[in-house]
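Trainee: Let me give you the structure first, and then I'll get to my questions.
Number of protein chains: 2
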Amino acid sequence: MPTLDTISGSRALAGLVGFQLHLANMRVMQAAREALAGRNTTPAKVTAMLFVLDNPGCDQTTLSRFMHVGRSAIMKLLNTMESHGHVERRSGRDLRSNGLHLTPQGEAFLAEALELIQESDRHVTAQLTKAEQDQLIALLHKLQGS
Amino acid sequence: MPTLDTISGSRALAGLVGFQLHLANMRVMQAAREALAGRNTTPAKVTAMLFVLDNPGCDQTTLSRFMHVGRSAIMKLLNTMESHGHVERRSGRDLRSNGLHLTPQGEAFLAEALELIQESDRHVTAQLTKAEQDQLIALLHKLQGS
DNA sequence: TATTGTTATACTCTATAACTATA
DNA sequence: TATAGTTATAGAGTATAACAATA
């Protein structure tokens, strides 16, 4: 049975990969949100648009699995994006499913948003050399069992 | 002005440190939540308890700054932890502030919860060698400008 | 004036369950 | 029977603003 006698809390937190990951993620996400502030979008919406860009005509369930959220959570995202004229729900492979597509305005909007996010990413990773950034991405990929 | 003509969405996402960080964080956090399931606690509560363990008598504002949330968000956390008898609000350095302390039951509970989280952390990082884990933590530390 | 704790309120994100129409 | 989309609802987590007590 474990005891806390010999375990310092800070040491325990510092040694947990999960906790450091959480801190780093909070910093990066906040920077990304700030970079997109006033643009009526969020990092999640940019992620969704990038997926649709690469998978034109994909259905909502596929997108929801990629985003790691439920189908219903995708609805609000798509509804606002569609109301902004950035995404369209066209006919899909089924009569049940929709085919998702970026509109021309959506592509133009995405180009700007992506630039902002990439700039934010460069800024927040400026503490690392290019080699270290590649190393970090490789380790994160490996962590996910890829 | 950027265009998307030559930018593949997946490539853009794969190259963003922030996105990979987000994916890895989601996996690690979900594993931690599952490890603590049924124990009436969360990773955030364990983090708070570890901080109080290392900083006995600290006030709520200090804890809120460490957790990167507002003072009011700390209230719900402390209220439930106090109702479980894991944390006590004693008199602090001021008549305004509370001094936070773990109860004996809180320390025992934390010892078990920390063991579960550390086991979850080991499991989720099993894809990495020990050297790679240390490397990852070092890179995450450096990313945060420490 | 500034700070600490507190409360009330609202907002975002998400999960669950149920429904419909298709398959 | 299974799946895709949808809707309503509830829960967690957080931010904001205001207030009382204290500094």
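Same order as they appear, the protein sequences are chains A and B. For the first sequence, the positions run 1263 to 1408 when this note's numbering is used. For the second sequence, the positions run 1263 to 1408 when this note's numbering is used. Backbone N, C-alpha and C fix where the C-beta goes; we use that ideal spot for every residue, glycine too.
How many angstroms separate the CA atom of A:GLU1377 from the CA atom of B:VAL1290?
Mentor: Taking the first sequence and counting its residues from 1, the one referred to as residue 1377 of chain A is at position 115. Taking the second sequence and counting its residues from 1, the one referred to as residue 1290 of chain B is at position 28. Rounded to the nearest angstrom, the two C-alpha atoms are 28 Å apart.
Trainee: Residues of the stretch 1322-1353 of chain B in Cβ contact with chain A at a cutoff of 8 Å, in chain order, please.
Mentor: HIS1330
Trainee: Consider the Cβ of B:SER1272: report whether some Cβ of chain A lies at a distance smaller than 7 Å.
Mentor: As a first step, residue 1272 of chain B is located in the second sequence; it is residue number 10 there, counting from the start. Judged by the 7 Å Cβ criterion, B:SER1272 is in contact with chain A.
Trainee: Report the neighbours of A:ARG1289 on chain B: residues whose CB is nearer than 8 Å to its CB, in chain order.
Mentor: Residue mapping note: residue 1289 of chain A aligns to position 27 of the first sequence, counting from 1. Under the 8 Å cutoff, chain B gives LEU1405 and GLN1406.
Trainee: Based on Cα-Cα distance, which residue from A:HIS1330, A:GLU1381 and A:ALA1310 lies nearest to A:GLU1350?
Mentor: Position 88 of the first sequence, counting from 1, holds the residue named residue 1350 of chain A. For the residues A:HIS1330, A:GLU1381 and A:ALA1310, the minimum Cα distance to A:GLU1350 belongs to A:ALA1310.
Trainee: Report the neighbours of A:GLN1212 on chain B: residues whose CB is nearer than 7 Å to its CB, in chain order.
Mentor: Nothing about residue 1212 of chain A can be read from this structure; chain A reaches only from 1263 to 1408.
Trainee: Taking 7 Å as the threshold (beta carbon to beta carbon), is A:VAL1215 in contact with chain B?
Mentor: The structure shown does not extend to residue 1215 of chain A, since chain A spans only 1263 to 1408, so no value can be given for it.
Trainee: With 7 Å set as the bound, which would you pick, yes or no: does the beta-carbon of B:GLN1367 sit closer than that to a beta-carbon of chain A?
Mentor: Here the question's residue 1367 of chain B lines up with position 105 in the second sequence. Chain A, which has no Cβ nearer than 7 Å to the Cβ of B:GLN1367, makes this no.
Trainee: Going by DSSP, what residue range makes up the beta strand (DSSP E) through A:GLY1368?
Mentor: Along the first sequence, read from residue 1 onward, the residue named residue 1368 of chain A stands at position 106. It is not in any beta strand (DSSP E) - A:GLY1368 instead sits in the alpha helix (DSSP H) that spans 1366-1386.
Trainee: Excluding five sequence neighbours on each side, which residues of the same chain lie with their C-beta closer than 8 Å to the C-beta of A:THR1369?
Mentor: The residue labelled residue 1369 of chain A in the question sits at position 107 within the first sequence. According to the sequence as given, residue 1369 of chain A is Glu; it is not Thr. Only LEU1315 meet the Cβ criterion.
Trainee: CA-CA distance, B:ARG1352 and A:ALA1276?
Mentor: On the second sequence, residue 1352 of chain B is found 90 positions in, with the first residue counted as 1. On the first sequence, residue 1276 of chain A is found 14 positions in, with the first residue counted as 1. Rounded to whole angstroms, B:ARG1352 to A:ALA1276 spans 27 Å at the Cα level.
Trainee: Name, in chain order, the residues that DSSP records as bridge partners for B:CYS1320.
Mentor: Here the question's residue 1320 of chain B lines up with position 58 in the second sequence. B:CYS1320 is bridged to B:LEU1362.
Trainee: Quickly, what does DSSP pair A:SER1353 with across the bridge? List them, please.
Mentor: By 1-based counting over the first sequence, the position of residue 1353 of chain A is 91. A:ASN1360, per the DSSP bridge assignment.
Trainee: Helix, strand or coil for A:GLN1389, going by three-state DSSP, please let me know.
Mentor: As a position in the first sequence, residue 1389 of chain A is number 127, starting the count at 1. DSSP places A:GLN1389 outside both helix and strand once states are collapsed to three, so it counts as coil.
Trainee: What is the C-beta distance between A:ASP1383 and B:GLY1280, in whole angstroms, given that I count them as a contact (C-beta under 8 Å)?
Mentor: The residue given as residue 1383 of chain A occupies position 121 in the first sequence. The residue given as residue 1280 of chain B occupies position 18 in the second sequence. With a beta-carbon spacing of about 5 Å, A:ASP1383 and B:GLY1280 fall inside the 8 Å limit used to define contacts.
Trainee: If you measure between the beta carbons of A:ALA1286 and B:LEU1405, is that distance less than 7 Å?
Mentor: Position 24 of the first sequence, counted from the start, is the residue given in the question as residue 1286 of chain A. Position 143 of the second sequence, counted from the start, is the residue given in the question as residue 1405 of chain B. Going by C-beta atoms, A:ALA1286 is nearer than 7 Å to B:LEU1405.
Trainee: Starting from A:GLU1394, find everything on chain B with Cβ-Cβ shorter than 8 Å and list it in chain order.
Mentor: Against the first sequence, residue 1394 of chain A aligns to sequence position 132. Going along chain B in sequence order, the residues near A:GLU1394 (Cβ under 8 Å) are LEU1401 and LYS1404.
Trainee: Just verifying my parser: in three-state terms, what is the DSSP assignment at B:THR1303?
Mentor: Position 41 of the second sequence, counted from the start, is the residue given in the question as residue 1303 of chain B. If DSSP states are grouped into helix, strand and coil, B:THR1303 belongs with coil.
Trainee: Are B:HIS1348 and B:PHE1371 closer than 7 Å when you measure CB to CB?
Mentor: Within the second sequence, the letter at position 86 stands for residue 1348 of chain B. Within the second sequence, the letter at position 109 stands for residue 1371 of chain B. Against a cut-off of 7 Å, the Cβ pair of B:PHE1371 and B:HIS1348 comes out as a contact.
Trainee: Please report how far the alpha carbon of A:MET1263 lies from the alpha carbon of B:GLU1381, in whole angstroms.
Mentor: If you number the first sequence from 1, residue 1263 of chain A lands on position 1. If you number the second sequence from 1, residue 1381 of chain B lands on position 119. For A:MET1263, the predicted model reports a pLDDT of 47, less than 50, meaning its position is unreliable and no value from the coordinates is stated.
Trainee: Mapping DSSP to helix, strand and coil, what is A:GLY1407?
Mentor: Taking the first sequence and counting its residues from 1, the one referred to as residue 1407 of chain A is at position 145. Looking at A:GLY1407 - three-state DSSP - the assignment turns out to be coil, as it is neither helix nor strand.
Trainee: If we define contact as Cβ-Cβ less than 7 Å, is B:ALA1297 a contact residue for chain A?
Mentor: As a first step, residue 1297 of chain B must be located in the second sequence, where it is residue number 35. Taking Cβ atoms only, chain A never reaches closer than 7 Å to B:ALA1297, which makes this a no.
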